[in-house]
Structure formats: C-alpha cells, structure tokens
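Input: a single structure, listed below in structure tokens.
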Amino acid sequence: MKILIIDSQFFTRAGLIHLCTSYTSDLSIFEAPTFDLASEYLQHSSQYNLIFLDVDLPDAELRPALAQIKHYAPTAHVVLFCWSRPMTEIRQAMTAGVRSYLPKDSSADDAKHAVRTLLRNDRYVPDDAKITDSPTRHSQAENFLSPRQLEIMQLLAQGLSNKEIATILGITEGTIRVHLSAIFKAIKVSNRTEATLWYLLRQKRLVS
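Under the working numbering, the residue at position 112 of the sequence shown is numbered 113, and the numbers go up by one with no gaps.
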C-alpha cells in the first residue's frame, strides 16, 4: 500500500507513521509538510492508495487541494486528518471528495481502530458523539425509514450505483430513485454523499 501524509506538523506525521507501520510493514509512506511538496509527489509518483490530508496547511485551501488530489490520484482514499470539526464542514469535505474522517484528538483506542480500518481500505467516520453538531435529528429521522429504505441505505454506503442496488434487491432503477428521493427528504440531506455520511454516523461502532 502506498500512503501520502500531507500535514505541516512533524510529530503528527511521525505518530501516524508509527501507528501505520505497527500493523504492517508492507507500506510505502511519503511525507509532505506543505501542499506544494505533496503536489510534486502526486504529479511524479505512481498512484497512491491512501492520502491523509490536514485542513490547516499553510499553503493550500481544502477544496482546491482536494480538486488537485482528485485530478492526479482519482482512485485514492482521501482521509480528512484534522482536529474535530463541525458536522457542516465534514459534509462539505465529503461532498468534495473526502471518504473518511480521522480527528487528531481521537483517543488511543479510536485512533488504532481507525488506522486498522483505513489500512483495509474501508471507510472510517468516528462515532457521532465526536462530531460537534447534535446527532439527534439522525436518530429521529431513522424512525421514518422503512426496512427497504434502510436496506438501500446500507448498499448505498458501500458505494454501489442505483443499477447495482436494483440488481441486488431485484427491483427497478426507477424504484430505487423513488426510494432515494424519499430517503433524502426524511433524513434532510440533498445528495448521495450526505446520505452515506448520515448512514455511517448512525452506526455507534462503525467498524467494530
């Protein structure tokens, strides 16, 4: 697995590298304290599997940085690696291409759990209690979803297309679209990315 860590703090990068290499030695890890250096890596190196991206870089804003990463490493699993942020910012980042979110103030157990998950190339989002906005509306919204809609949400969170979901459930794509429209309205989101994040956050122990 090829990893790129984009973070301005040496000790933060060193700690993450130590944690990653404690689980496997089959890693190729590159460090970039600035986005300029990260951009050089992205342009001149082969495809990265996992990219940890801080939001407080001295030489880049989040959205332009994500756009550049998406251009040079379209299949990379991008992890937002930062101090805890409001839910609205996490949603925006996921809409822009982030797949996972690892807060720097995670507990030791949570950080280990997250890194093991990410090294399997699985998505990671912390428990909803760690995100500053109230999760109450999510648990309430869940009461309005039917078992079929929850089933669709589970498949959606795996990154499947409408066609793939329809094939698995034995229904038409048109029916999937109708269900998704109803789901978006019930849980108060506007797109598939936000719906996926909602589903992941409703899991109290996401990858346990």
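No residue lacks a Cβ here, since even glycine has one placed at the ideal position from N, Cα and C.
Taken in chain order, the unbroken stretches of beta strand (DSSP E) that lie wholly in the region 31-59 and span 3 residues or more are 51-54. K186: member of the alpha helix (DSSP H) spanning 174-188, first to last residue. In this chain, the beta strand (DSSP E) harbouring L5 covers 3-7.
By the neighbour-count criterion, in which a residue is buried when 16 or more other Cβ atoms sit within 10 angstroms of its Cβ, V126 is buried. For the pair Y102 and M95, the Cα-to-Cα distance works out to about 9 Å.
The continuous beta strand (DSSP E) containing V79 extends over residues 78-83. Under the three-state reduction of DSSP, P104 is assigned to strand.
Contact check for L20 and A112: beta-carbon distance about 7 Å, within the 8 Å limit, so the pair qualifies.
Beta-bridge partners assigned by DSSP to S147: none are found. Between S40 and Q10, the beta carbon gap of about 19 Å keeps them out of contact (Cβ cut-off 8 Å). L20: member of the alpha helix (DSSP H) spanning 11-22, first to last residue.
P34 and L17 have their C-alpha atoms some 13 Å from each other.
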